[in-house]
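With the first letter of the sequence shown counted as 1, position 9 gets the number 9 in my numbering; the numbers rise by one all the way through. A virtual CB, placed ideally from N, CA and C, is assigned to each residue, including glycine. Heads up, the thing below is written out as structure tokens.
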Amino acid sequence: EQALLVYGFDNENAENLTELACIGSLKNPQSRWFDRSNFYIVTRNGLIVTNDEVAR
1 EQALLVYGFD NENAENLTEL ACIGSLKNPQ SRWFDRSNFY IVTRNGLIVT NDEVAR
């Protein structure tokens, strides 16, 4: 099996979970790879939000 982890670095600072969720799903779609099964966004202050594919 193979795996690919994709990281994106964002200049935003999230102060709470709501801001972190907005950064992960609403901010700058041109720098987000939603076609990857795992995509991690790292904010300027070191918080990580992820967009993952959910298998059912």
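Proximity test, Cβ basis, 8 Å: residue i and chain C
i, result
"E15", "Given the protein chain composition of this structure (a single chain), no chain C is represented."
Residue i versus the options, residue with shortest Cα-Cα distance
i, options, result
"D10", "D52, E19 and S37", "E19"
"D52", "G24, E1 and G46", "G24"
"Q2", "Q30, N38 and T50", "N38"
Residues near residue i in its chain [Cβ-Cβ closer than 6 Å; skip 5 each side]
i, result
"A14", "L20, I23, T43 and L47"
"N45", "N13"
Helix, strand or coil at residue i according to DSSP, with G and I counted as helix
i, result
"G24", "helix"
Cut-off 8 Å between Cβ atoms - residues of its own chain near residue i, not counting five sequence neighbours on either side
i, result
"L5", "N38 and Y40"
Nonlocal neighbours in the same chain, by C-beta distance under 7 Å from residue i, ignoring five residues either side
i, result
"Y7", "Y40 and V42"
Segment limits, beta strand (DSSP E) that includes residue i
i, result
"N38", "N38 to V42"
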